[in-house]
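Shown next, in structure tokens, is the structure this report addresses.
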Amino acid sequence: MTSTSMTSASMTSTTLAECFDRIAIINLPSRADRRREMRSELSRLGLEPKAGQIDFFPAVRATAVEDWPSLGARGCFQSHYQVLKAARDSGLRAVLVIEDDCCFTPELIARQAEVAALLSGDDWDIVHLGHVEAAAMQDSLLRPWDQPVMTAHLYAVHRNILPRLVEYLEQVMARPNGHPEGGPQHYDGALCMFRDQNPDVRTWIGAPNLATQRSSRSDIHGQWWDRMPVVRTAVNVLRMARRMLR
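Here it is as structure tokens:
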């Protein structure tokens, strides 16, 4: 970690859409339910999908497991990789990546302008706005972080390290399972290994956490009840009711 504070740019942004060249929402084309939910989430930030700026990226549905933990894990990895590769190839300054079960916290809704102002600068490489790291639950909004981070439902990558990260992900896909420098695995694990092998990467984390994950049917870690149509419908109703009561 080379810096202990993040400074906002002289010309600050007030929304996430203003401080990122692209916001990519990873979403399987078959999951129209999650697209509806994400549109609702975006509206809470005063944002809406816009071609070339805030886009739903068609997630990859893998057809063979091979060395990967599961079909879903392979598709998830390839989806994140393709989003970042497209950002690199387009020469973007920064990209915000959102998984379609992301749920913004009231803290992010209330302090979006502060977050956007901080991310308008160039003194960061990776920022995990959403995570499950209890040790980071402070009130500094963003803080430096040098520990592993589970999940990747809301994070940003700066062009400072995009080429290196994309190259690393390509190496991971080409290596055998269990390779000491990282082979086929869950995407968040590969991101942690990349940071561990590149200690100069300036990583920040939301403090407090700025995004959780909605309780909904998962195409990566689905349960038995999500594979039975009648039971799935009942469970989805209960999930929606629980979210409304939060």
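For the sequence shown, this note's numbering begins at 124 and goes up steadily by one.
Don't be surprised by glycine CBs; every beta carbon is placed ideally from N, CA and C.
These numbers were taken from a predicted model, which means no experiment stands behind them.
Problem - Reference A236, options L139, L219, C225 and A297, closest by Cα - result: Counted from its first residue, the sequence shown places residue 236 at position 113. The option with the nearest alpha carbon to A236 is L139.
Problem - Residue closest to Y204, alpha-carbon to alpha-carbon, out of Q176, R337, D311 and A240 - result: One-based indexing of the sequence shown puts residue 204 at position 81. Here the closest residue by C-alpha is D311.
Handout entry: C-beta contact flag for Y278 and L252 at 8 angstroms
Key = Numbered from 1 along the sequence shown, position 155 holds the residue referred to as residue 278. Numbered from 1 along the sequence shown, position 129 holds the residue referred to as residue 252. Contact: yes.
Practice task
Counting only the same chain and skipping the five closest in sequence on each side, list residues whose C-beta sits under 6 angstroms from that of Q336.
Solution key: One-based indexing of the sequence shown puts residue 336 at position 213. So the qualifying residues of the chain are D224 and H276.
Exercise for the section: Output the boundary residues of the beta strand (DSSP E) element that contains P84. Expected result: Outside the displayed range of the chain (124 to 369) lies residue 84, so it cannot be described from this structure.
Handout entry: The beta strand (DSSP E) enclosing R266, as first and last residue numbers
Key = Position 143 of the sequence shown, counting from 1, holds the residue named residue 266. Unbroken beta strand (DSSP E) run through R266: L264 to P267.
Practice task
Could you say if the region 184-204 and the region 264-271 meet the contact criterion of at least three C-beta pairs nearer than 8 angstroms?
Solution key: no
Practice task
Give the DSSP-derived three-state secondary structure of L288 in the structure shown.
Solution key: Counting from one through the sequence shown, the residue named residue 288 turns up at place 165. L288: helix per DSSP, three-state reduction.
Problem - Meets three-Cβ-pair contact criterion under 8 angstroms: the region 315-325 and the region 242-250 - result: yes
Handout entry: Residue burial classification, N150 (beta-carbon count within 10 angstroms, cutoff 16)
Key = Taking the first residue of the sequence shown as 1, we reach residue 150 at position 27. So N150 ends up on the buried side.
Practice task
Would you identify the three-state DSSP class for E141, choosing helix, strand or coil?
Solution key: Numbered from its first residue, the sequence shown carries residue 141 at position 18. Correct three-state label for E141: helix.
Handout entry: The beta strand (DSSP E) enclosing E222, as first and last residue numbers
Key = Translated into positions along the sequence shown, residue 222 becomes position 99. Here the beta strand (DSSP E) through E222 covers A217 to E222.
Handout entry: Rounded distance between the beta-carbons of S243 and C142, thought under 8 angstroms
Key = The residue labelled residue 142 in the question sits at position 19 within the sequence shown. The residue labelled residue 243 in the question sits at position 120 within the sequence shown. Correct: roughly 5 angstroms between the Cβ atoms.
Practice task
Let me know the secondary structure DSSP gives G305 once reduced to three states.
Solution key: Indexing the sequence shown from 1 puts residue 305 at position 182. Three-state result, G305: coil.
Problem - CA-to-CA distance, P299 to R167, given in whole angstroms - result: Counting from one through the sequence shown, the residue named residue 167 turns up at place 44. Counting from one through the sequence shown, the residue named residue 299 turns up at place 176. The straight-line gap from Cα to Cα measures roughly 43 angstroms.
Problem - C-alpha distance - V272 paired with P331, whole-angstrom precision - result: For the purposes of this step, residue 272 is taken as residue 149 along the sequence shown, with counting starting at 1. For the purposes of this step, residue 331 is taken as residue 208 along the sequence shown, with counting starting at 1. Between V272 and P331, the C-alpha separation is close to 14 angstroms.
Exercise for the section: Classify V255 as helix, strand or coil using the three-state DSSP reduction. Expected result: Your numbering for residue 255 matches position 132 in the sequence shown. DSSP places V255 in coil when its eight states are reduced to three.
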